[in-house]
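There are 2 protein chains.
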Amino acid sequence: MGLTKTEIFTDDQNKLAALFKALGHPARVAILQYIINQKACICNDLVDELGLAQATISQHLKELKRIGVIQGTIEGKSVCYCIDEKLWKQIQSEFNAFFNQEVKVTGCCP
Amino acid sequence: MGLTKTEIFTDDQNKLAALFKALGHPARVAILQYIINQKACICNDLVDELGLAQATISQHLKELKRIGVIQGTIEGKSVCYCIDEKLWKQIQSEFNAFFNQEVKVTGCCP
DNA sequence: AACTATTATCGTAATATTGCGATATTGAAA
DNA sequence: TTTCAATATCGCAATATTACGATAATAGTT
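Residue numbers (the working numbering), protein chains in the order written: chain Y, -2 to 107; chain U, -2 to 107.
Here you go:
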């Protein structure tokens, strides 16, 4: 089917999974790292930097914009992307909340 | 194409993305939460708990086992799954390393 | 040994994702 | 206004994912 049954999960589960999923592609990880390393909003040096076609990069940027982790502002004839720091930190804390749930030792698995 | 070009990314990027991706499905998030909340290694009460077919749950468990975040040990005629705490914490710290990269303010995005 | 419960695997259908060329669209510059 | 550079969108082909029924495999029970 290929169709995820979102109805049967909680909003939180769906939302958290959607965040993970959006980061679940090496190109998107690379894009984020590149933006961070440049310490500036880099536009499509990404096309040169990563070995992907312009259309493909644009698609990945769209996906990252969709979850809000980056913002794009028009800067002359190019577009300047940068991390939305507020959301960046929020995502991190949501992930940490997930990972910080107490895992009890049980004995069944050594 | 549907084929991710892993060759053009670093191992770290591919690995990190693979971890994110594995968690990028609400069923897998739900499974992990369920195992954690039960404070024990629950087998396929999951089939009753979540509304997914046994084959589907088994597939998701396999995916989680693949990245090592859970372990399954045979317990009589059923299988007992639990979180691999060591890997759990390692994944968390890898995620945090990613998110803790310094994001500088740049001025391009308000 | 035959039976039963639990889990894994196989095969398959439906849908999603990835990637790209081609083609808009947008804004600056000439 | 024509032209050019940078992005976005469209349409498509190839592959991946999700879900499930059917069936195998496994281990305990009778």
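Ideal placement from N, C-alpha and C gives every residue a C-beta, glycine not left out.
Pull up the distance between the alpha-carbon of residue i and that of residue j, whole angstroms please.
i: glutamine 192/U; j: phenylalanine 96/U; result: This structure cannot settle anything about residue 192/U, because the visible part of chain U is limited to -2 through 107.
i: valine 66/Y; j: glutamine 98/Y; result: 24 Å
i: threonine 3/Y; j: alanine 27/U; result: 11 Å
i: valine 44/U; j: glycine 73/U; result: 18 Å
i: glutamate 82/Y; j: arginine 63/Y; result: 15 Å
i: serine 75/U; j: alanine 15/U; result: 29 Å
i: proline 23/U; j: aspartate 42/Y; result: 34 Å
i: glutamine 35/U; j: threonine 53/U; result: 21 Å
i: arginine 25/U; j: cysteine 77/Y; result: 35 Å
i: glutamate 129/U; j: phenylalanine 92/Y; result: The first residue shown for chain U is -2 and the last is 107, placing residue 129/U beyond what the model contains.
i: glutamine 68/Y; j: glutamine 30/Y; result: 15 Å
i: phenylalanine 6/Y; j: lysine 86/U; result: 25 Å
i: valine 8/U; j: threonine 70/U; result: The displayed chain sequence assigns aspartate, not valine, to residue 8/U. Straight-line Cα distance between these residues: approximately 30 Å.
i: alanine 94/U; j: leucine 13/U; result: 11 Å
i: leucine 49/U; j: methionine -2/Y; result: 13 Å
i: serine 90/Y; j: serine 90/U; result: 12 Å
i: leucine 61/Y; j: leucine 84/U; result: 27 Å
DSSP three-state label for residue i, please.
i: valine 76/U; result: strand
i: threonine 1/Y; result: coil
i: glutamine 10/U; result: helix
i: asparagine 93/U; result: helix
i: glutamate 99/Y; result: coil
Is it right to say residue i is buried, meaning 16 or more other beta carbons lie within 10 angstroms of its own, or is it exposed?
i: glycine 21/U; result: buried
i: glutamate 56/U; result: The identity of residue 56/U in the sequence shown is glutamine, whereas the question assumes glutamate. The residue in question, glutamine 56/U, is exposed, as its Cβ has fewer than 16 Cβ neighbours within 10 Å.
i: leucine 0/U; result: exposed
i: glutamine 51/U; result: exposed
i: isoleucine 39/U; result: buried
Report the CB separation of residue i from residue j in whole angstroms; it is logged as a contact under 8 Å.
i: lysine 18/Y; j: lysine 18/U; result: 7 Å
i: isoleucine 32/Y; j: isoleucine 80/Y; result: 6 Å
- [ ] Within the segment 19 to 78 of chain Y, note down every full alpha helix (DSSP H) run reaching 4 residues or more, in order along the chain.
- [x] 23 to 34, 43 to 46, 51 to 63
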